[in-house]
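In full-length UniProt numbering, the protein residues as written are 1 to 82.
For each residue, glycine too, the CB sits at the ideal point set by N, CA and C.
All values reported here derive from a predicted model rather than from experimental measurement.
Have a look at the structure below before the remarks.
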Amino acid sequence: MEAAIFFAHDKKKNFDYSAVKDCKSTASENLELRFHRFPKLNEVKAWKIATKINKILSNTKVCSLHFKKSDYILPGKLILGV
Numbered sequence: 001m002e003a004a005i006f007f008a009h010d011k012k013k014n015f016d017y018s019a020v021k022d023c024k025s026t027a028s029e030n031l032e033l034r035f036h037r038f039p040k041l042n043e044v045k046a047w048k049i050a051t052k053i054n055k056i057l058s059n060t061k062v063c064s065l066h067f068k069k070s071d072y073i074l075p076g077k078l079i080l081g082v
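The following block contains the structure:
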């Protein structure tokens, strides 16, 4: 699986980390990663299954290493085959 990597953002005090078991990614050490909150409604069940995270808190995040490039819908881009 080709992970989604982004352009590095400015280093700032960011204490985000990935809640996926055995993932050591942190925002302060990995500037090219993005950290995503769990969706609120329909998709949350699929995310729980995919990440094996059962307890979701308001600050629970998953880093972009756990997503494929095709998982992202970028603004202003035409997505074919959807």
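query	result
Between the beta-carbon of Arg37 and the beta-carbon of Ser64, is there less than 9 Å?	no
Quick one: Cα of Gly81 to Cα of Glu43, how far?	Summary for Gly81: the model assigns pLDDT 48, below 50, so the residue's position carries little reliability, and this model does not support an answer.
Suppose the cutoff is 7 Å on Cβ atoms and the five residues either side in sequence are ignored; what does the same chain contact list for Lys24 look like?	none
Measure from the alpha carbon of Asp22 to the alpha carbon of each residue in Tyr72, Ser28 and Thr51, then state which is nearest.	Thr51
For Thr26, list the residues DSSP reports as bridge partners.	Tyr17
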